[in-house]
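Novice:
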Amino acid sequence: MGKDKLKKFAENKTFRCLVQPEFDEIFGKDHPLKGRWHADFFRNDRPIVLELGCGKGEYTVALAADDPARNYIGVDIKGARMWRGAKTATEQGMDNVGFLRTRIEFITSFFAPGEVSELWITFPDPQLKTRRAKKRLTAPPFLACYAQLLAPGGWINLKTDSQHLYRYTGEVIRRCGLRCAVSNPDIYGTGYADKVLSIKTAYEQMFLDRGLPITYTRFTLDDTVRFDWFDWEEDDKLKCEKDCEEARRK
Ligand SMILES: C[S@@+](CC[C@H](N)C(=O)[O-])C[C@H]1O[C@@H](n2cnc3c(N)ncnc32)[C@H](O)[C@@H]1O
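Whatever position you read off the sequence shown (first residue = 1), add 931 for my numbering.
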């Protein structure tokens, strides 16, 4: 492992805003912060918003700076990336920012029912291979997890450059009968991007530099309890036909 990564991992241990649970802290049981984020971590009762797959945490930090009335937690498995967001939040003395290092698959071990008021999913891996469709962060099994922690009516916001993930998410929304407030195929081209939507993550900037349109979907689970799996016909296409793969990877 590179020296730079080791340095970041060491510094990560010093950040109060970064929670890095040991495996045995959640294996087969809930983390001590579950249901206690307000009382034990933020020490206030403001709504909690999560950014899933936050990478360097650009959205988490920018949203928190813009909106001190809510608490923001970035979630990712990669500590060296989250180091950037945790360092900025620490240096700026932000008391409404947290970072949680875990796999999103374990998210229900960390948050109690209704503890989260809103979710952001920013430029997740589109998981174009059909056999990896279950890994898409808007696939029905993940939505079933989010339903266990989102407050009633809590919004889920997805920003992605991937046409396939955008259309797949639309199909999930349709088949599960979810309420969709926005489905915009090109937020900058249509002039839809406001101050919040114009926050750019590292991946977003990379895709914009390649001239790819950025899509945005905003939907809610309401009181839906069934998130049935389905095989989507569009997944039968070749990987390269699903997205402008060439453009994405240039
Ligand atoms: C393509 S990057 C996007 C990062 C950031 N949101 C951005 O836009 O720059 C996807 C991120 O999701 C994280 N990720 C993917 N699957 C995950 C999972 N199952 N659990 C936790 N993190 C995950 C990766 O570690 C990575 O940092």
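Idealized CB from N, CA, C, for every residue including glycine.
Source: prediction; values computed, not measured.
Tell me which residues share the same chain as Thr-1039 and place their Cβ nearer than 8 Å to its Cβ, disregarding the 5 neighbours each side in the sequence.
Specialist: The answer, listed in chain order, is Cys-1076, Gln-1079 and Leu-1080.
Novice: What first and last residue would you give for the alpha helix (DSSP H) that runs through Ala-1078?
Specialist: Looking at the DSSP string, the run of the alpha helix (DSSP H) that includes Ala-1078 is 1071–1078.
Novice: Which whole runs of the alpha helix (DSSP H) in the region 961–1001 are 4 residues long or more, in chain order?
Specialist: Listed in chain order, they are 989–997.
Novice: Measure the alpha-carbon distance for Asn-1002 versus Glu-989 and round it to whole angstroms.
Specialist: 15 Å
Novice: Express the C-alpha separation of Leu-964 and Ile-979 in angstroms, rounding to a whole number.
Specialist: Each residue's alpha carbon lies about 13 Å from the other.
Novice: At a threshold of 6 Å, does Thr-1039 count as lining ligand 3 (C-beta to nearest heavy atom)?
Specialist: Inclusion of ligand 3 in the displayed structure is not the case, the ligand content consisting of ligand 1 alone.
Novice: If you run the structure through DSSP and keep just helix, strand and coil, what is Asn-1027?
Specialist: In the structure shown, Asn-1027 adopts coil according to DSSP, grouped into three states.
Novice: What is the residue span of the alpha helix (DSSP H) that Gly-1010 lies within?
Specialist: DSSP places Gly-1010 inside the alpha helix (DSSP H), whose first and last residues are 1010–1022.
Novice: Pull up the DSSP beta-bridge partners for Phe-1150, would you.
Specialist: Ile-1087 and Cys-1111
Novice: What does the alpha-carbon distance come out to for the pair Arg-1015 and Asp-1117?
Specialist: 28 Å
Novice: By the 10 Å Cβ neighbour count, where 16 or more other Cβ atoms means buried, how is Cys-985 classified, buried or exposed?
Specialist: Counting the other CB atoms within 10 Å of its CB gives Cys-985 a total of 16 or more, which places it among the buried residues.
Novice: Report the option in Leu-1109, Leu-1031, Pro-1055 and Phe-1158 whose CA atom is closest to the CA atom of Phe-1138.
Specialist: Pro-1055
Novice: What does the alpha-carbon distance come out to for the pair Cys-1107 and Lys-1170?
Specialist: 25 Å
Novice: For a test of your reading of the model: does the CB of Lys-1132 fall under 6 Å from any non-hydrogen atom of ligand 1? Yes or no.
Specialist: In the sequence as displayed, the identity of residue 1132 is Thr instead of Lys. Distances taken from the Cβ of Thr-1132 to the heavy atoms of ligand 1 include one shorter than 6 Å.
Novice: Please identify the residue among Ala-1070, Met-1013, Thr-1121 and Cys-948 whose C-alpha is closest to the C-alpha of Arg-1157.
Specialist: Ala-1070
Novice: Which two residues bound the contiguous alpha helix (DSSP H) that contains Glu-942?
Specialist: 934–943
Novice: Is Tyr-1097 buried or exposed, if buried means 16 or more other CB atoms sit within 10 Å of its CB?
Specialist: buried
Novice: Just the Cα atoms here: how many angstroms apart are Asp-970 and Cys-948?
Specialist: According to the sequence provided, residue 970 is Ala. The question's Asp does not apply to it. Straight-line Cα distance between these residues: approximately 14 Å.
Novice: In terms of residues, what are the limits of the beta strand (DSSP E) holding Leu-1050?
Specialist: Residues 1047–1053.
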